[in-house]
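A.B. asks:
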Amino acid sequence: KAGVTQTPRYLIKTRGQQVTLSCSPISGHRSVSWYQQTPGQGLQFLFEYFSETQRNKGNFPGRFSGRQFSNSRSEMNVSTLELGDSALYLCASSLASTKTQYFGPGTRLLVL
Amino acid sequence: GESVGLHLPTLSVQEGDNSIINCAYSNSASDYFIWYKQESGKGPQFIIDIRSNMDKRQGQRVTVLLNKTVKHLSLQIAATQPGDSAVYFCAEDSGGSNYKLTFGKGTLLTVNP
């Protein structure tokens, strides 16, 4: 079974731009979560989607948003990019019946 | 201002030794715990999990111990190999219908050949 895939793997943007990251969960997994990983803050929860609905949200500004499609694929969007948004963005998926989250390789975003 | 990175605890062991990585969790309501391994440039990889109704669980070369009284979790790796070198994270789920993991800051394990 294929793992969680994320595209693109690397991205360079400039301040003020916006970015959309994509995540395809493991087949059959309906819960998709997003995390931000930085050297300063570690791994932090952004939000979680299940059946196209956001169920949980972390403490991030409204510039960070996401959505989930009917096929469970998910996207996250960051608008008006700031230098501090440079990070590894990780997507994780899990079955509806368990809480074990499996991570993708991440998208490394660099904001210049 | 200057950003300050997390100061990761580090553990250095010799190949073949056993490793013990510790983690203190914060929420007494957490009912599910996971250990992840993250190698440089990769996403976290699931190692082993444990529910709060257990105090020990074993996998292949790994054992997780849970002490709810002192909110402490440990990961034991037997016969540590160079390929085990990575950052290890514990994560807790606060229970209920949440699918939200709170991660510790991680421990850098270095295995010397």
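Line order of the protein sequences matches chains A and B. Heads up, the first sequence is in the numbering used here, so the first residue is 611 and it goes up one at a time. Heads up, the second sequence is in the numbering used here, so the first residue is 1440 and it goes up one at a time. Positions of the beta carbon are idealized from the N, C-alpha and C atoms, including for glycine.
1. Of the choices B/L1547, B/N1551 and B/L1447, whose alpha-carbon is the least far from that of A/G650?
2. Quick check: what's the CA-CA separation for B/L1450 versus B/Y1527?
3. What is the DSSP secondary structure of A/L724, reduced to helix, strand or coil?
4. Going by DSSP, which residues form a beta bridge with A/V642?
5. Listed from N- to C-terminal order along the chain, which residues in the stretch 1522-1544 of chain B have their beta-carbon within a distance smaller than 9 Å of any beta-carbon of chain A?
6. Can you list, in chain order, the residues of its chain with a C-beta nearer than 7 Å to that of A/N666? Leave out the 5 residues immediately preceding and following it.
7. For the beta strand (DSSP E) containing A/K721, name the first residue and the last one.
8. Does any residue of chain A have a CB that is nearer than 7 Å to the CB of B/V1455?
9. Which residue from A/Q627, A/W644, A/V721 and A/R619 puts its Cα closest to that of A/M686?
10. Is the CB of A/F670 under 7 Å away from at least one CB in chain B?
11. Would you mind telling me which residues of chain B sit closer than 7 Å to A/Q664, beta carbon to beta carbon, in chain order?
12. With a floor of 3 residues, list each beta strand (DSSP E) that falls wholly inside the stretch 1460-1497 of chain B, ordered by position along the chain.
13. Within the continuous beta strand (DSSP E) that includes B/N1506, where are the two ends?
14. Note down, in chain order, each residue of its chain lying with its Cβ closer than 6 Å to the Cβ of B/Y1471, except the 5 sequence neighbours on either side.
15. Which residues of chain B have a Cβ atom closer than 7 Å to the Cβ of A/K709, listed in chain order?
C.D. replies: In terms of the structure at hand:
1. As a first step, residue 650 of chain A must be located in the first sequence, where it is residue number 40. It is B/L1447.
2. To locate residue 1450 of chain B, count along the second sequence from 1; it is residue 11. To locate residue 1527 of chain B, count along the second sequence from 1; it is residue 88. The C-alpha of B/Y1527 is placed about 10 Å away from the C-alpha of B/L1450.
3. Nothing about residue 724 of chain A can be read from this structure; chain A reaches only from 611 to 722.
4. Here the question's residue 642 of chain A lines up with position 32 in the first sequence. Paired residue(s): A/Y659 and A/S703.
5. Taking 9 Å as the upper bound on Cβ-Cβ separation, chain A lies near residues F1528, A1530, D1532, S1536, N1537, Y1538, K1539, L1540, T1541, F1542, G1543 and K1544 of the stretch 1522-1544 of chain B.
6. Within the first sequence, residue 666 of chain A is the residue found at index 56, counting from 1. Contacts found: F657 and E658.
7. Position 111 of the first sequence, counting from 1, holds the residue named residue 721 of chain A. Checking the sequence, you will find Val at residue 721 of chain A rather than Lys. Its beta strand (DSSP E) spans residues T717 to V721.
8. As a first step, residue 1455 of chain B must be located in the second sequence, where it is residue number 16. Here the sequence assigns Gly to residue 1455 of chain B, which means Val is not the residue at that position. Residue-level contact by beta carbon fails for B/G1455 and chain A, as no gap is shorter than 7 Å.
9. The count along the first sequence starts at 1 and reaches residue 686 of chain A at position 76. Cα-wise, what sits closest to A/M686 is A/W644.
10. On the first sequence, residue 670 of chain A is found 60 positions in, with the first residue counted as 1. Nearest CB-CB separation between A/F670 and chain B: not below the 7 Å threshold.
11. Start at 1 with the first residue of the first sequence, and residue 664 of chain A comes out as number 54. By Cβ distance, chain B contributes nothing, its closest Cβ being about 11 Å from A/Q664, past 7 Å.
12. Uninterrupted beta strand (DSSP E) stretches at least 3 residues long and entirely within the stretch 1460-1497 of chain B occur at 1471-1477, 1484-1490 and 1495-1497, given in chain order.
13. Here residue 1506 of chain B refers to the residue found at position 67 of the second sequence. B/N1506 -> beta strand (DSSP E) spans V1501 to N1506.
14. In the second sequence, the residue the question calls residue 1471 of chain B occupies position 32. Closer than 6 Å at Cβ, skipping near neighbours: R1490 and D1532.
15. Locating residue 709 of chain A in the first sequence gives position 99, counting from the first residue. Correct list: Y1471, D1532 and Y1538.
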